[in-house]
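S.K.: Could you have a look at this structure, given as structure tokens, before my questions?
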Amino acid sequence: MTLSYLLRRIGYGLLLMLGVVILNFFLIRLAPGDPAVVIAGEMGGATEEMLESIREEYGLNKPIFTQLWIYVSGIATGNLGESFFFNQPVSKLIGLRIWPTILLVITAQILSISIGVFMGVIAARKPNGILSGIVSIFATIGYAVPVFWTGIMLIILFASVIPIFPVEGMQSVKLRDAGFVVKTLDIAHHLVLPAFTLAIIYLAQYARLSRASMLEVLGSDYIRTARAKGASEVSVLFKHALRNAALPILTVAGLQFGNLISGALLVETVFNWPGMGRLAFDSILRRDYPTILGVLFFASAMVVVANIITDISYRWADPRLRRKS
Amino acid sequence: MSPLLEINDLAVTFATRHGEVTALDSVSLHVNEGETLGIVGESGCGKSITALSVMGLIPQPHGRIRAGSIKLAGEEFVGATPARLRQMRGAEAAMIFQEPMTSLNPVFTVGDQIAEAITLHQNTSRDRAFKDAIALLDRVGIPEPDKRARDYPHQLSGGMRQRMMIAMAVSCRPKLLIADEPTTALDVTVQAQIFDLLNEIQRDFGAAILLITHDMGAIAEMADRVSVMYAGRVIETATADQVLDTPQHPYARGLIDCIPALGKSETGLKEIPGVVPPLHMLGAGCAFAQRCDHAQARCLREKPKLINHGHHPAACHGVEEARL
Amino acid sequence: MNDTPEFKPESPGLEAWRMFRRNIPAVFGLVLLIVIFLATLYGALIYNGDPFDIVWAPHEMPGATPEFPLGTDYLGRDIIAGLLTGGGPTLAVGAAAAALTMFIGISLGALAGYYGGWVDNLLMRFTEFFQVLPALLFAMVLVTLFSPSLWTIAFAIGVVSWPQTARLTRAEFLKIKELEYVTAARAIGARNKRIIWKVILPNAAPPLIVSATLTIGVAILFEAGLSFLGLGDPNVMSWGLMIGANREFILEAWWPVTFPGLAIFLTVFAVSLVGDGLNDAFNPKLRQR
Amino acid sequence: MSVMTRLMGAAAIAASFTMAAPMVHAEGGTLVIASTQVPRHLNGAVQSGIATAIPSTQIFASPIRYDENWEPQPYLASSWSIADDGMSVTLNLVQNATFHDGKPVTSEDVAFSIMTTKENHPFKSMFAPVETIDTPDAHTVVINLSKPHPALLLALSPALAPVLPKHIYGDGQDAKSHPANSAPVGSGPFMLEEFTPGEAVVMKKNPTFFMDGRPKLDEIIIRIIKDPSALLIAMENGEADMYPFMAGSQEIKRMEKADNIGVTTDGYAAVGPLNWLAFNMASPKLSDVRVRQAIAYAVDREFITKALHRGVSTAQRGPIIESSPFFDETIPAYDVDLDKANALMAEAGFADGMELTIDYIPGPKEQQQSVAEYMKSQLKKIGIAITVRAAPDFPTWAGRVGGHDFELSMDVVFNWGDPVIGVHRTYLSDNIKKGVIWSNTQQYKNAKVDELLNAAAVELDQGKRAALYAEFQQTVATDLPVYWINALPYHTAYDKKLQNVPSGIWGTMHPMDMVEWGE
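So the sequences go chain by chain: A, P, C and S.
Counting in the numbering used here, the first sequence runs without a single skipped number right up to 404 at its last residue.
Counting in the numbering used here, the second sequence runs without a single skipped number right up to 322 at its last residue.
Counting in the numbering used here, the third sequence runs without a single skipped number right up to 433 at its last residue.
Counting in the numbering used here, the fourth sequence runs without a single skipped number right up to 992 at its last residue.
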């Protein structure tokens, strides 16, 4: 039952991905300008014959549906084409960049959920208290601050005023031959500012959401039951209430994932984080269409996977859904 | 012998956007060991607030106990520390709520929820507590208890859920069991089963029961003594037989007329006209005066006191003046 | 004690406005928004100055020259002139994008919610499809394709942000179409088009108004993000453009980046305070909690 | 909360490691070069530009290298001779050079490389006269020319003529997109260890390098940091040791202030980076030389170099970089003169002014956008209303200018050592090629200029060649297809502990086999 659900869900996800591929393929072919000229420009200028050979090389002179077919069938075999700019398989480029992005996004997600939910729960205890007010204000502020600006402000702060965190990159090059532990710590050290910057927006949203969700749950009968049993306040808040309040949070966490990737794009650009977002940004500036397509494909795939995971964990977290369907 | 539960002059107020309103006004009642006291009244009359006051669960931060005393087994609980209250809850007094569906946590299994009640007050392992929970489920008449213990509340029927609530409430053998409209959400045949179960439990465990209901029928079936409440006050109190046979207060009489009796058709059922006035709109006089056929000038001016006017205590000027 | 709503039935709009008025943060937000709006509308006229003009030495500190209280940027352009003129496009794009978002979202959501069945199924699959695409990335591609101008930016933002509105509208329609007055309207022979636009939509308005307000905030942030990445319209001064253009000099000069960022923040902050206020005003029950 | 604490702890530990890191330089050591430029790949034979040239010159050796005095020095060729008629050049290769995969470097490889470069490199004039190449034995290369080619030796420099292994590139695949471009095997002082596109190039010492005792360093890492302020921070805290091609005045001034960092302008002699304002001469408004001259008289070079660039850049009056021996001092300078400019505008029939657009290559703001914005406010004074057409990205700009869809455009064009390589391309009338950037996009046609340049290309006598170029400079300075503004103020910032910081004519586009860490 669950397996068939999972298979159906995955099948649907694949269908969505196919749609993404086709849409983007056509969108990008709409682009003005001849990619061959772009490639030639990047090489430092070119002659007509060179342009012709570039077109030949990249299959740009084939009919558009042939190009689409080549692209889609290529994806089925894991081949996303070659980057115009780097002259390398797009899958390889993305393979190098996807892990930093996943690391950043997941860390930010964990940070924002854990801190945000904690704040929300504390605020929900006294809905009219000072703490609750602070959380509300903080949530509105967090939502309103442009993420790239937060990043820049943090760079100004940490670059010169209190230089305790690195403000760019993911790794210290001079530690590239160091041991695993040192390397891991080094990456964690570099991760602090970008992850925190990205987390702030969502942290605020989770705080607000979990406050509202907790307030609703705390007013429910089963919380009174738990209290009547003699459960302690901590147990009431974090065991009885949070388990239930977590359900809407989980839904939102799944929906937020796409936004988180968008945010990561800006954060990666600000902090020179070597992820997919920056690859996308650079590729757009270079009109490196195969790479843009590839990044969109992978980013969408990440959202699809995140949605599937959310669905499954939702079913796991809410027993009422478990044996239905 | 002093009563198990003794409430004296209890006053509870709530802060609302209409200002501070009095939810309970000098409520006094007592429950003796092993007996069943029924509190009866329409919704909004203060029955549930009385029960929650005993449990120390008046909704925070709006509600507060203004005055009075609540003694359980001789110990004063008004002003007790939160820790002491927590210790008492579930162990010395336990509560059964009216909506078994919403009163059970949907994300934990039945067995876990009962086991939690046990581990909160007894020094046992989780496994042990879970086994005890299964035994309790068996005791309250749930078939296949070891299987049901692993179910979630939504997988049980309404009656089963209420049985489970009862199992959870008695898991620590409390001396006082508060049942807040335990059968309202259930259909009639199941209601009778639950009352039977409560009676059995009382017999076996020797617990006193504080039964809260709006249904005089339930009182007739369960209660030894009755306190009738209206608008935050006790307006009549006596043994169940006395109240049922010779109700003094016009409101109590009205309630009794509502009992569906065998042979009476549904349409013949009487209703008390009007509604309970909102608490913030109570005037100086008798709260029932607006709905009372016998109300007169004095009733609008002066609150009647709960005094024995011959038969048993009732708060009514009409009874006092023997016009009824 | 003296207000007894039971005896004074008011129109829901008036009631909401009364609730809103009592919400101090929301009123603060509204006032702030009006101030920002007036400043961007008339400020540039009064202050007078082309934000692209080089008027002074580059990177003059704020306060160092009385003529340019907020200093100058890397080209020696007046920051205040930039802030005052840059707000207009930012707000215009935000509003246009929000309008497009609402238009697409409400249309699709209403159709899906009202007709249900295969229409709903189809439209919801379509919505999900758009939700899978990371919005900023997709918007970047769109803007690059159609070359950056204020309208393509607004278009791109609108195209990527409607799914949430569509879902909200659909949910409202699903709820409202079962209500008695809709059945009544149908009973007197109202046509579908009329029921959708004249009967259900007005009743679904409160959450949609709140959502529209918040969408403006999101759209402003979006525009700022795109401009920051260099995908804004380079010939129109906007707050995002100011941040993006001055970004590489942050170690030398913090002010050309800080002030426009603050302006964006204050605007979105004001918009969301108003949005929250509206939300509370339309849902008095929530406010009680 | 505990997550936070743990993170802070980890950060502190990592920080202490980072602090300790610079101590690693001892024997050999690592050199970290920071760059804002992204190399497409690492093969300079098919790709022009700084980004590829820096790693390419480390990985690939070339026949000849140049010192700081423009003197050719032996490299893969231990000696060379030019035939008296200038129609052939013979290279004698060293015996002991091997590629990183162990195969010997032979004359076949050199011949193959030059022909591949001729065919694929965008600088067509570089090897255009090369007809055939003979390889009489494994270590002798004879380059046969169709006409004398004085720029040939310079074209055999590491930056322009990397020697590719024929056994890898000769497999029939197109050299422009050969997979080995990203994983090259050369015979230079360093071998590729890792290439992360857009991020880093890691190169390790070549232990079998044919020059004894070289290279000194163990490792060179090129790190790409596109954000200049992040790059400066990396320099300041020792995350990077060298920052070549630094052109921003703020950057230069900031680096000069740092205690442990040295800054030099040495090493850019051959680059010849000109910042100019190009005119589209096909535009009816700009086809009149008086309009172009009016614009030249209106613009104040002094203001641009002194105020906008804060004195770090130098004025550039003509098509050949002023530091080149071929530069002619006497060409007209067009010192600012608004009255004259207005008079010229009136003469040309534009007394009422005109409207023009200006494009600029997306690049260093101070050199491009700032100057374009300055033009806008300055040209207003002679009645020209300028619209600045910013391009969000390089392809957009290249598309406009390459497609001749522009009026005025700011651009940076390099001389690349010899005028034949870097100068001729933008003035020869037969190099007007629509769609091709850095061709004669101004569409300048002057038969006399064509004649002068073609003569200079084959003139072996240095003095006669200089005279030809002097006349060329006088002519174009009068015709003004381009208004030259300034030389890009390229600087190199480096850790003061570094020895032998590249200072030759090609700077860091040259093997860094002598660079080492000192005390």
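Positions of the beta carbon are idealized from the N, C-alpha and C atoms, including for glycine.
Using the beta-carbon count (16 or more within 10 Å), is A:S83 buried or exposed?
M.R.: Residue numbering aside, residue 83 of chain A sits at position 4 when the first sequence is read from its first letter. With fewer than 16 Cβ atoms within 10 Å of its Cβ, A:S83 is classed as exposed.
S.K.: In the region 928 to 984 of chain S, which residue ranges form an unbroken beta strand (DSSP E) of at least 3 residues, counting only runs that do not cross its ends?
M.R.: Qualifying beta strand (DSSP E) stretches, in chain order: 955 to 960, 964 to 968.
S.K.: Relative to the alpha-carbon of S:F533, which residue among S:D574, S:V562, S:D557, S:L564 has its alpha-carbon at the smallest distance?
M.R.: The residue you call residue 533 of chain S lines up with position 60 of the fourth sequence. Closest option to S:F533, Cα to Cα, is S:D574.
S.K.: Going by DSSP, what residues sit across from P:G61 in a beta bridge?
M.R.: For the purposes of this step, residue 61 of chain P is identified with residue 63 of the second sequence, where counting begins at 1. In the DSSP output, where bridge partners are listed per residue, P:G61 has P:F12.
S.K.: Taking buried to mean at least 16 other C-beta atoms within 10 Å of its own C-beta, is S:P837 buried or exposed?
M.R.: Position 364 of the fourth sequence, counted from the first residue, corresponds to residue 837 of chain S. Buried.
S.K.: Grab the span of the beta strand (DSSP E) containing P:H28 for me, first residue to last.
M.R.: Within the second sequence, numbered from 1, the residue matching residue 28 of chain P stands at position 30. Taken as a continuous stretch (DSSP letters only), the beta strand (DSSP E) holding P:H28 covers 17 to 29.
S.K.: Under 6 Å Cβ to Cβ from A:S61, same chain only, skipping five residues before and after it: list those, please.
M.R.: Here chain A comprises residues numbered 80 to 404, so residue 61 of chain A is not present and cannot be evaluated.
S.K.: Are the region 739 to 747 of chain S and the region 884 to 892 of chain S in contact at 8 Å, needing three or more beta carbon pairs?
M.R.: In short, these stretches touch, since the Cβ pair count reaches three.
S.K.: Under three-state DSSP, which class holds S:A648?
M.R.: Taking the fourth sequence and counting its residues from 1, one reaches residue 648 of chain S at position 175. Here S:A648 sits in helix by DSSP.
S.K.: How should P:I56 be labelled, buried or exposed, when 16 other C-beta atoms within 10 angstroms of its C-beta is the threshold for buried?
M.R.: Within the second sequence, the letter at position 58 stands for residue 56 of chain P. Burial call: buried.
S.K.: On the three-state DSSP scale, how would you describe A:V384?
M.R.: Sequence index remark: in the first sequence, residue 384 of chain A carries index 305 (1-based). Helix at A:V384.
S.K.: Could you tell me which of S:G936, S:Y716, S:A939, S:E944 sits nearest to S:V922, measuring between CA atoms?
M.R.: The sequence position of residue 922 of chain S within the fourth sequence is 449, counting from 1. Considering only alpha carbons, the answer is S:E944.
S.K.: Out of curiosity, what's the CA-to-CA distance linking C:V418 and C:D424?
M.R.: In the third sequence, the residue the question calls residue 418 of chain C occupies position 274. In the third sequence, the residue the question calls residue 424 of chain C occupies position 280. Computed Cα separation, rounded: 10 Å.
S.K.: Anything in chain C within Cβ reach of S:D700, meaning under 7 Å, just list it in chain order.
M.R.: Within the fourth sequence, numbered from 1, the residue matching residue 700 of chain S stands at position 227. Within 7 Å Cβ-Cβ: E392.
S.K.: Does A:S404 have its Cβ less than 7 Å from a Cβ in chain C?
M.R.: Taking the first sequence and counting its residues from 1, the one referred to as residue 404 of chain A is at position 325. Note on A:S404: pLDDT 38, under 50, position unreliable in the model; no value is reported.
S.K.: So A:S406 and A:Y281 are supposed to be a Cβ contact under 8 Å. How far apart are they, rounded?
M.R.: This structure does not reach residue 406 of chain A, given that chain A is present from 80 up to 404, and the question cannot be answered.
S.K.: Could you pull the start and end residues of the alpha helix (DSSP H) that P:F323 belongs to?
M.R.: Any property of residue 323 of chain P remains undetermined from this structure, which presents chain P solely from -1 to 322.
S.K.: Enumerate in chain order the residues of its own chain whose CB-to-CB distance from S:V909 is below 8 Å, with the five nearest sequence positions on each side excluded.
M.R.: Stepping through the fourth sequence from its first residue, residue 909 of chain S is reached at position 436. Excluding residues within five positions, the ones whose Cβ falls inside 8 Å are G875.
S.K.: Looking at C:Y218: is its Cβ nearer than 7 Å to the Cβ of C:N390?
M.R.: Reading the third sequence from its first residue, position 74 is the one you call residue 218 of chain C. Reading the third sequence from its first residue, position 246 is the one you call residue 390 of chain C. Their beta carbons are under 7 Å apart, which means C:Y218 touches C:N390 by this criterion.
S.K.: Comparing the C-beta of C:L281 with each C-beta of chain S, is any distance below 7 Å?
M.R.: For this step, residue 281 of chain C is matched to residue 137 along the third sequence. Closer than 7 Å: no.
S.K.: Going residue by residue through the region 771 to 796 of chain S, where are the continuous alpha helix (DSSP H) segments of at least 4 residues, counting only ones entirely within it?
M.R.: The region 771 to 796 of chain S contains no whole alpha helix (DSSP H) run of 4 or more residues.
S.K.: Which complete alpha helix (DSSP H) runs does the region 594 to 644 of chain S hold, if anything under 4 residues is left out?
M.R.: You should have 597 to 600, 625 to 628, 639 to 642.
S.K.: Can you look up P:S225 in the DSSP assignment and give me helix, strand or coil?
M.R.: As a position in the second sequence, residue 225 of chain P is number 227, starting the count at 1. Strand at P:S225.
S.K.: Output the residue ranges of the alpha helix (DSSP H) runs that lie fully inside the region 256 to 323 of chain A and measure 4 residues or longer, sorted by chain position.
M.R.: Here the runs fully enclosed are 259 to 297, 300 to 308.
S.K.: Which one of S:D582, S:L925, S:V615 has the shortest CA to CA distance from S:S902?
M.R.: Residue mapping note: residue 902 of chain S aligns to position 429 of the fourth sequence, counting from 1. Checking every option, the nearest Cα to that of S:S902 belongs to S:L925.
S.K.: Please decide whether S:A703 counts as near chain A, where near means a Cβ-Cβ distance under 7 Å.
M.R.: Locating residue 703 of chain S in the fourth sequence gives position 230, where the first residue counts as 1. Taking Cβ atoms only, chain A reaches closer than 7 Å to S:A703, which makes this a yes.
S.K.: Check the C-beta distance from C:G361 over to C:V415 and give it rounded, since I have them as a contact under 8 Å.
M.R.: Numbered from 1 along the third sequence, position 217 holds the residue referred to as residue 361 of chain C. Numbered from 1 along the third sequence, position 271 holds the residue referred to as residue 415 of chain C. Going by Cβ atoms, the distance from C:G361 to C:V415 rounds to 4 Å, so yes, they are a contact pair.
S.K.: So, with DSSP's three-state summary, where would you put P:N6?
M.R.: Here residue 6 of chain P corresponds to residue number 8 of the second sequence, with the count starting at 1. Strand at P:N6.
S.K.: Starting from A:V383, find everything on chain C with Cβ-Cβ shorter than 8 Å and list it in chain order.
M.R.: Here residue 383 of chain A refers to the residue found at position 304 when the first sequence is read from its first residue. Within chain C, the residues near A:V383 are V276.
S.K.: Within 10 Å of its beta-carbon, does S:A487 have 16 or more other beta-carbons around it, so buried, or fewer, so exposed?
M.R.: For the purposes of this step, residue 487 of chain S is taken as residue 14 along the fourth sequence, with counting starting at 1. With a pLDDT of 47 at S:A487, under the threshold of 50, the predicted position of this residue should be treated as unreliable, and no value is reported.
S.K.: Among all the DSSP beta bridges, which residues are the ones paired with P:G156?
M.R.: Reading the second sequence from its first residue, position 158 is the one you call residue 156 of chain P. Note: P:G156 sits in no beta bridge, so no partner.
S.K.: What does S:Q723 touch in chain C if you count any residue whose Cβ is under 7 Å from its own?
M.R.: What you label residue 723 of chain S is simply residue 250 of the fourth sequence in a count that begins at 1. Going along chain C in sequence order, the residues near S:Q723 (Cβ under 7 Å) are F393, E396.
S.K.: Taking C-beta to C-beta, are C:G384 and A:L345 nearer than 7 Å?
M.R.: Indexing the third sequence from 1 puts residue 384 of chain C at position 240. Indexing the first sequence from 1 puts residue 345 of chain A at position 266. Not a contact, by the Cβ cut-off of 7 Å.
S.K.: According to DSSP, simplified to helix, strand and coil, what is A:L250?
M.R.: As a first step, residue 250 of chain A must be located in the first sequence, where it is residue number 171. This sequence places Gln at residue 250 of chain A; Leu is not what is there. Reduced to three states, the DSSP call for A:Q250 is coil.
S.K.: Could you check if P:A13 is buried or exposed, using at least 16 other CB atoms within 10 Å of its CB as the buried criterion?
M.R.: The residue labelled residue 13 of chain P in the question sits at position 15 within the second sequence. By the neighbour-count rule (16 or more Cβ atoms within 10 Å), P:A13 is not buried but exposed.
S.K.: When you compare the region 156 to 172 of chain A with the region 248 to 266 of chain A, are there three or more beta-carbon pairs, one atom per stretch, that lie closer than 8 Å?
M.R.: Too few Cβ pairs lie closer than 8 Å, so no.
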